[in-house]
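The sequence shown lines up with residues 25 to 316 when you count with the numbering used here. Worksheet: the structure to be examined is printed underneath.
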Amino acid sequence: MIRKAVIPAAGVGTRLLPATKSQPKEMLPVGRKPTIQYVVEEIHAAGIKEVLIITSQQKRAIEDHFDYDPSLVEWLQRSGKSLELINHLEMDVRLFYTRQSVPKGLADAIRMAKGFVGDEHFVVCLGDSIIYSDRPGSLLRRMMEVHEEKGAEATIAFETVEWEEVSRYGIAKPKGEMDDLFWVEDLVEKPSREEAPSNLAVAARYVFSPRIFEFIDKTEPGKGGELQITDSIRLMLRAGLPVLGVRLGEGERRYDIGNFQSYFEAFFDFSLSDPELGERFKRYVLRRLGLR
């Protein structure tokens, strides 16, 4: 049984400047919650109770958000406000933090979790990516289940993207048919459309065995001196270790809060689905578009 998850959240977020100059991209609101709260809630819904968040010096706001604030609780009670506004503080999840002092890439950030996970298999969820699902935690539960059943050393989530967009992603080269579950033969980083072996893009969710750390240690620095987890996984594949791919299912969608277009799309979609204001917002949008 997989008990632990790691959330890398130390990235600088330069593609979202100036919005991220003084606040972490993981704390940008999407609808009524900051991005990273959706990630922690997804992990909790999947049944995981221990989470390590990897931050940096500029990310103190993340710790503050999940910290219990007695003065805020007292004020809400005195004002007659609902404590549901901060019900994320009541989740049965133990949060731990460590800092990546120098940004050296995703693989380096994951390596910082070695002491936390020990000899256990573990989940990695990128802190700037939301997986929307009408069944919260469904993707992670599916990934953990097949990871253990099939004896994989790594299991990766993939989403189908437009062929014109494959050059923006790490792309899977499947072994055989591209079913909802498949063995990965290779990963190709940002290929051209002509070179892309598929249009299945890595979707910010992973399950790893502790063997990933030995391959991170063997990974050569890439652009900017950073260690990329795609390169570490490719080393696993070359060593003959089994790597599984799991496709996002019906009702599941990834939002990458790492660029403005995807961020705007996420805020728009979550606003439309807001239980209190969604219908009013929809009418507003239709009026603005001249459709009503």
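C-beta atoms are modelled at their ideal positions from N, C-alpha and C, and glycine is treated no differently. Predicted model, so just to flag it, every value in this text is computed and none were measured.
Using a 10 Å radius around the Cβ and a threshold of 16 neighbouring Cβ atoms, would you call ARG304 buried or exposed?
Counting from one through the sequence shown, the residue named residue 304 turns up at place 280. Under this definition ARG304 is an exposed residue.
How is ARG235 classed by DSSP in three states: helix, strand or coil?
The residue given as residue 235 occupies position 211 in the sequence shown. DSSP places ARG235 outside both helix and strand once states are collapsed to three, so it counts as coil.
For SER157, the residue or residues it bridges with in DSSP:
Residue numbering aside, residue 157 sits at position 133 when the sequence shown is read from its first letter. For SER157, which the question treats as bridged, DSSP gives the partners GLU276.
Which residue wins for smallest C-alpha separation from SER153, given the options ASP293, LYS174, PHE232 and ALA228?
Counting from 1 along the sequence shown, the entry for residue 153 is found at position 129. Selected option, being the one with the closest Cα: ALA228.
Identify whether TYR92 lies in helix, strand or coil by the three-state DSSP scheme.
As a first step, residue 92 must be located in the sequence shown, where it is residue number 68. Note: TYR92 maps to coil in three-state DSSP.
By how many angstroms is the C-alpha of SER162 removed from the C-alpha of VAL63?
Along the sequence shown, one-based indexing puts residue 63 at 39. Along the sequence shown, one-based indexing puts residue 162 at 138. Roughly 13 Å separates the two Cα atoms.
Using DSSP's beta-bridge definition, name the partner residues of ARG123.
Numbered from 1 along the sequence shown, position 99 holds the residue referred to as residue 123. In the DSSP output, where bridge partners are listed per residue, ARG123 has THR79.
In whole angstroms, give me the CA-to-CA distance for VAL231 and HIS145.
Counting from one through the sequence shown, the residue named residue 231 turns up at place 207. Counting from one through the sequence shown, the residue named residue 145 turns up at place 121. Roughly 7 Å between the two C-alpha positions.
Could you spell out where the alpha helix (DSSP H) holding ILE134 opens and where it closes?
Stepping through the sequence shown from its first residue, residue 134 is reached at position 110. Note, ILE134: alpha helix (DSSP H), 130-135.
I need the DSSP call for LYS45, collapsed to helix, strand or coil.
Indexing the sequence shown from 1 puts residue 45 at position 21. If DSSP states are grouped into helix, strand and coil, LYS45 belongs with coil.
Nearest-angstrom Cα separation, counted from ARG159 out to TYR287
Taking the sequence shown and counting its residues from 1, the one referred to as residue 287 is at position 263. Taking the sequence shown and counting its residues from 1, the one referred to as residue 159 is at position 135. So the alpha carbons of these two residues sit roughly 22 Å apart.
Using the three-state DSSP reduction, which class does THR59 fall into: helix, strand or coil?
Your numbering for residue 59 matches position 35 in the sequence shown. Looking at THR59 - three-state DSSP - the assignment turns out to be helix.
LEU150 versus TRP187, GLU218 and THR79, residue with shortest Cα-Cα distance
Position 126 of the sequence shown, counted from the first residue, corresponds to residue 150. LEU150 has its Cα closest to that of THR79, out of TRP187, GLU218 and THR79.
GLU219 by DSSP, collapsed to three states: which one?
Taking the first residue of the sequence shown as 1, we reach residue 219 at position 195. Correct three-state label for GLU219: coil.
First and last residue of the uninterrupted beta strand (DSSP E) at ASP210:
Translated into the one-based positions of the sequence shown, residue 210 becomes position 186. Counting along the chain, the beta strand (DSSP E) containing ASP210 begins and ends at 205-213.
Classify PRO299: buried if its beta carbon has 16 or more other beta carbons within 10 angstroms, exposed otherwise.
One-based indexing of the sequence shown puts residue 299 at position 275. Flag for PRO299 reads exposed.
Could you check where the beta strand (DSSP E) with ILE72 kicks off and where it finishes?
Locating residue 72 in the sequence shown gives position 48, counting from the first residue. Taken as a continuous stretch (DSSP letters only), ILE72 belongs to no beta strand (DSSP E), as it is neither H nor E.
Between the Cα of CYS61 and the Cα atoms of ASP93, LYS128, VAL117 and LEU205, which residue gives the shortest distance?
Sequence index remark: in the sequence shown, residue 61 carries index 37 (1-based). The question names Cys, but residue 61 is Gln in the sequence shown. Sorting ASP93, LYS128, VAL117 and LEU205 by C-alpha distance to the C-alpha of GLN61 places VAL117 at the top.
Please look up how many angstroms separate the CB atoms of ALA176 and PRO234, rounded, as I've assumed it's under 8 Å.
In the sequence shown, counting from the first residue as 1, residue 176 sits at position 152. In the sequence shown, counting from the first residue as 1, residue 234 sits at position 210. Actually they are not in contact, since the Cβ atoms of ALA176 and PRO234 sit about 13 Å apart, beyond 8 Å.
Over what stretch of residues does the beta strand (DSSP E) that includes LYS138 continue unbroken?
Position 114 of the sequence shown holds residue 138. Segment 138-141 is the alpha helix (DSSP H) holding LYS138; no beta strand (DSSP E) there.
Comparing alpha-carbon positions, which option in ALA225, TYR308 and PRO32 lies nearest PRO127?
By 1-based counting over the sequence shown, the position of residue 127 is 103. Comparing Cα positions, the closest option is PRO32.
Looking only at its chain, what residues have a beta carbon closer than 8 Å to the beta carbon of ASP15, apart from the 5 residues adjacent to it on each side?
Lying outside 25 to 316, the shown extent of the chain, residue 15 is not represented and no answer is given.
With three or more beta-carbon pairs closer than 8 Å as the criterion, would you say the region 210-228 touches the region 255-273?
yes
Report the partner residues of VAL30 according to the DSSP bridge assignment.
As a first step, residue 30 is located in the sequence shown; it is residue number 6 there, counting from the start. Paired residues: LEU76 and VAL148.
Hey, out of PHE206, MET202 and VAL190, whose CA is closest to SER216's CA?
As a position in the sequence shown, residue 216 is number 192, starting the count at 1. Among PHE206, MET202 and VAL190, the Cα nearest to that of SER216 belongs to VAL190.
If you compare alpha carbons, which of TYR193, LEU315, PHE206 and PHE237 is closest to ALA220?
Position 196 of the sequence shown holds residue 220. Taking only the C-alpha atoms, the option nearest ALA220 is TYR193.
In or out: THR44 buried (at least 16 other Cβ within 10 Å) or exposed?
Taking the first residue of the sequence shown as 1, we reach residue 44 at position 20. Buried, because 16 or more other Cβ atoms sit within 10 Å of the Cβ of THR44.
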